[in-house]
Amino acid sequence: MKRLLIASLALVAALPLAAGQTAAAEAINSGARYATDAYPGFDEVKESTHPEKKTPKWFSWLTGPKMEDSAAQFSYCRGLIAEESYSKAARELDALVREWPVSREAPEAQRLLAETLETKLKDYEEAFREWRYLVDFYSVQCDYSAAVDALYRVASVMRIEGKTIMFFRFKNTADVRRALEACVLRAPGAEWAPQAMLEIASLREDEMRWTEAIKVYENLRNLHRGTPEAKTALVREAAARMMVLEEMGYNRERVRDTIAFLEQAEGACEGEDREAVRAQLDEARALIDDDDFAAAKFYDSRIRTKRSAVSAYETYLANHPRGSHADEARARLEELKKGSDQ
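In short: position in the sequence shown from 1, add 2, done, that's my numbering.
In structure tokens:
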């Protein structure tokens, strides 16, 4: 049942994502959304929404298959693999799929191409593209569960290995993130989907895209309630929201929204996580405290009436009875009420 369910999701994975579409459809026995639902924080990459079908290459007399039919070509490819001519085998397997895409041999040739690139040639980016092609165009004819598991496995290796250009290795954060997004879109009900979403959000943080990371964490918590990944997402989302406050400057409404989130998060966390969230909550509350005290002091000047200053300090103390400036506000309020101008 699980295999049939995931395979059915693949049939719609190539359709355009509806902008702003909500989670209306749930998959039987899993609670997973269909891949056509919106995933906030994901890039809408063309390969995920409009996969391109292979066609014969130019100069097919040179780049095309060496044999006259698909069966003979597939046998030829298997012989090349037996001879450990892996690069040539990969080229010929690709030529088979391009020339005879609806043949009986095409799905297995596509799978063997992806496997060869992954396990023999260690070309993980190409392997990912070929596993994705198998999932997109041969979802019914292949072992879909195994194929999407391979897709996620290769995406994970891509994150570890990085990208090599001219013998130099670079981090490929955006490429890996989009690869993981493609995995989730094609198998939202897979066991590894929550972990993949955690990795996507983490990569968004590596890009310093805090707002996008928050969207992914929030979506993960909504889709996979009660999972260990959802608990981790809550703590990480709290930290990401504090980074937004730090980088985007003071905005009272944003701070209040963050405080409301942190208050809920504190109640849902335990142990060290709760202590960390509580410290963030104190920090966010301090921003409002400082802002309100600065507003109160604004009215405590020679160009303002004493009544305005008294009212401002009383308002501050009503909102922040234990605030960091509470003692100073009480002392000044007492002076004002006694009639002192100091």
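Backbone N, C-alpha and C fix where the C-beta goes; we use that ideal spot for every residue, glycine too.
| Query | Result |
| --- | --- |
| With a Cβ-Cβ cutoff of 9 Å, do C79 and R113 count as a contact? | no |
| I'd like to check one pair, E120 with V2: are the Cβ atoms closer than 9 Å? | Residue 2 falls outside the range modelled here, since the chain spans only 3 to 344, and no answer is possible. |
| I'd like to know whether the C-beta atoms of Y146 and V159 end up nearer to each other than 9 Å. | no |
| In angstroms, rounded to a whole number, what distance separates the CA positions of G269 and A232? | 15 Å |
| Any chance the stretch 51 to 64 sits against the stretch 229 to 247, with 3 or more Cβ pairs inside 8 Å? | no |
| Alpha carbon to alpha carbon, how far is A176 from D96? Give it in angstroms, no decimals. | 27 Å |
| Can you tell me where the alpha helix (DSSP H) with E193 in it begins and where it stops? | Element bounds for E193: n/a, residue is neither H nor E. |
| How close, in whole Å, do the beta carbons of E43 and N221 come, if the pair is a contact with beta carbons under 8 Å? | Checking the sequence, you will find Gly at residue 43 rather than Glu. The Cβ separation is near 7 Å, so the contact holds. |
| In whole angstroms, what is the alpha-carbon distance linking A288 and C271? | 21 Å |
| Just checking: is the beta-carbon of S62 within a distance shorter than 9 Å of some beta-carbon in chain C? | In the displayed structure, chain C is absent; only one protein chain is listed. |
| Considering only residues of the same chain and omitting the five flanking positions on each side of L64, which have a CB-CB separation below 6 Å? | none |
| I want to check one thing, is the minimum distance from the CB of A242 to the heavy atoms of the ligand SAM below 8 Å? | No copy of the ligand SAM occurs in the structure displayed, which carries no ligand at all. |
| Which term fits I8, buried or exposed, when burial requires 16 or more other beta carbons within 10 angstroms of its beta carbon? | With a pLDDT of 47 at I8, under the threshold of 50, the predicted position of this residue should be treated as unreliable, and no value is reported. |
| Which one of A129, S62, R179 and D284 has the shortest CA to CA distance from A215? | R179 |
| Hey, R238 and L200: beta-carbon distance below 9 Å or not? | yes |
| Looking at C-alpha atoms only, which residue of V99, D208 and V246 is the closest neighbour of R161? | D208 |
| Could you pull out every residue in the same chain whose Cβ sits closer than 8 Å to the Cβ of V246, ignoring the five residues on either side in sequence? | W212, T213, I216, R256 and T260 |
| Using C-beta distances below 6 Å, list every residue in its chain close to I83, excluding the 5 sequence neighbours before and after it, in chain order. | A91 |
| Kindly provide the ranges of any beta strand (DSSP E) runs that are 3 or more residues long and lie completely inside the stretch 94 to 166, ordered along the chain. | none |
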